[in-house]
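Report on the following structure.
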Amino acid sequence: MSGKIKYRVPDYYPSFSCKCGECRHTCCQQWCITLSLEEYDRLLGLECSPGLKRSLDIAAYPLERPQREKYASMTERPDGFCRLLSDDGWCMLQRECGEGALPCVCRLYPRSPRTKYSNECSCSAGCEAVSEALYRHLGPLDFVFAEYDYGLPAEPAGEITEDEYTKVRAVCFEIMRDEKRACAERLIDIGKCVFNYASKKDTEKAVSPSQTRSAAADSRKTEIQALEFQRLLNAKFGKKSISLRDYSDYADDIIFCGQETEPSVCEQFEFEETVYKNRSFAPTKSEPVVRYEAAKARLESVYPKIDVFAGRLLTNHMFYTGFPFSLFGANAPKRAYMSLCALYALLRFVWTGCLCGENGENELIDTTAAVFRMAENSAFIENAPLILRKVGEDTEEALEKIIFYF
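Using our numbering, read the sequence shown as starting at 863 and increasing by one per residue.
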């Protein structure tokens, strides 16, 4: 597809730009970047300075089982960074030859243009510049139209019409725009819409928000099962993610002492010997649910707008992934909603464990971006529903309890 076409984008998108050397966690740090055959050949034959040419000669290598669209991979330095990343945080290729010389994945990320159901493009909150934009955003996230040329082939048609796709998503975004309501309440309404839509009983009613406060909001219990479920998500996804691992381990230490959950073990845990001994918050020697509640109260006092921020992040994630049509197969919208609930719970758990003693935008953004780098660049969306089913938390009622707990 060539030439400019009109895309629907978040309102921050037209002014978005890469932070380049000012970025604390550039997207060429510890990421596997692949090249098509055409891009690999183009980089090897690029006209550039002798110094850059020498770097390009060893910057990529053909894969063991190369394919035309996934032919080669960029090599990494011993520290896991791309070999073309200079000491000041700039890409040597971009600095000398311009953004147009970059491989497709480097040129587009964190953008994600889609044409399957409708022409849309958003940015991943795994990019710290995007998380910063959402944190500083004035008012609810809105969407606008703008023309872009990404030079990508058109995607095959989807399983539903553009009208149905747009209609269902419009209701979900309208619910999320109501920032006077708690993020958890809005997520519950989205769940009701998705479950009704999936039942196909009445198309019109299926996409109508209920705006009713769930009983779970008033009868939430501090149950260890909710924290244990979150710990399972942490183990399955957080600890296996290079960018999220440290935050995941830290949150686990705060809530679970890094040990088993029996009170006797926690009572023996020496907090003064841990890495958070110099932070302004240290958990009490008590059961995990008590420590979590104390940390959560501290988090919300340090970051009073944290719930509004969560809502904007999830709105962006929903747009970025094509929610609730981000999965395929049986019960795809329901599974997409299950993933959304799991992501919300994971985000709140990591925030609570890592930020309860901090008071700075950088700490909040770094933690947030790490969560979304994992969620939006892995199999999290597909696999999170499997964990929910495994622990019996895949019903609409169970999902409400999880959402309101965190």
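C-beta: ideal position from N, C-alpha, C; glycine also.
{"Check": "Please report the distance separating the alpha-carbon of C959 from that of S974.", "Outcome": "23 Å"}
{"Check": "Let me know if Q1092 comes out buried or exposed under the rule of 16 or more other beta-carbons within 10 Å of its beta-carbon.", "Outcome": "buried"}
{"Check": "If you run the structure through DSSP and keep just helix, strand and coil, what is E982?", "Outcome": "strand"}
{"Check": "Look at the Cβ atom of L1176, then the Cβ atom of M1038, and state whether they are nearer than 8 Å.", "Outcome": "yes"}
{"Check": "Can you give me the Cβ contacts of A1231 inside the same chain, cut-off strictly under 7 Å, excluding the 5 residues immediately before and after it?", "Outcome": "H887, A987, G988, C989, E990, S993"}
{"Check": "Under 7 Å Cβ to Cβ from T1065, same chain only, skipping five residues before and after it: list those, please.", "Outcome": "In this prediction, T1065 scores a pLDDT of 48, lower than 50, which makes its location untrustworthy; the coordinate-derived value is nonetheless stated afterwards. Closer than 7 Å at the Cβ level, and outside the excluded window around T1065, lies no residue."}
{"Check": "Determine the burial state of S879: buried for a count of at least 16 other Cβ atoms within 10 Å of its Cβ, exposed for fewer.", "Outcome": "exposed"}
{"Check": "Taking only runs of the beta strand (DSSP E) that begin and end inside the stretch 965-1018, which ones reach a length of at least 3 residues, in chain order?", "Outcome": "1005-1010"}
{"Check": "Identify whether Q1092 lies in helix, strand or coil by the three-state DSSP scheme.", "Outcome": "helix"}
{"Check": "Suppose you measure from the CA of S1201 to the CA of L908; what does that come to, to the nearest Å?", "Outcome": "43 Å"}
{"Check": "If you check the beta carbons only, do V1030 and P1186 fall under 8 Å apart?", "Outcome": "yes"}
{"Check": "Quick one: give me the first and last residue of the beta strand (DSSP E) that R870 is part of.", "Outcome": "867-872"}
{"Check": "Does the beta-carbon distance from V1170 to E1041 come in below 8 Å?", "Outcome": "yes"}
{"Check": "With burial defined as no fewer than 16 other Cβ atoms inside 10 Å of the residue's Cβ, what is the status of K1101: buried or exposed?", "Outcome": "exposed"}
{"Check": "Are the CB atoms of S917 and R939 nearer to each other than 8 Å?", "Outcome": "no"}
{"Check": "Do Y971 and C1045 have their CB atoms nearer than 8 Å?", "Outcome": "no"}
{"Check": "Who are the Cβ neighbours of S1081 in its own chain at under 8 Å, not counting the five residues just before and after it?", "Outcome": "For S1081, the predicted structure reports a pLDDT of 49, less than 50, and the residue's modelled location is therefore unreliable. The matter cannot be settled from this model."}
{"Check": "Bridge partners for P924 per DSSP, in chain order?", "Outcome": "A934"}
{"Check": "L908 bridges to which residues according to DSSP?", "Outcome": "L908 pairs with nothing; no bridge assigned."}
{"Check": "Does the beta-carbon distance from N1193 to S984 come in below 8 Å?", "Outcome": "no"}
{"Check": "Would you report the Cα separation of L1205 and S911, rounded to the nearest angstrom?", "Outcome": "45 Å"}
{"Check": "In angstroms, rounded to a whole number, what distance separates the CA positions of L1217 and E1262?", "Outcome": "25 Å"}
{"Check": "Once you ignore the five residues that flank A995 on each side, which residues in its own chain have a CB closer than 6 Å to its CB?", "Outcome": "Y874"}
{"Check": "Take every Cβ of the stretch 1208-1217, pair it with every Cβ of the stretch 1107-1115, and state whether three or more of those distances are shorter than 8 Å.", "Outcome": "yes"}
{"Check": "Does DSSP put A1079 in a helix, a strand or coil?", "Outcome": "With a pLDDT of 48 at A1079, under the threshold of 50, the predicted position of this residue should be treated as unreliable, and no value is reported."}
{"Check": "Would the beta-carbon of A1113 be found less than 7 Å away from any heavy atom of the ligand FMN?", "Outcome": "Ligands are entirely absent from the displayed structure, and the ligand FMN is therefore not among its contents."}
{"Check": "Among the candidates T896, W952, K915, whose CA atom is the shortest distance from the CA of Q929?", "Outcome": "T896"}
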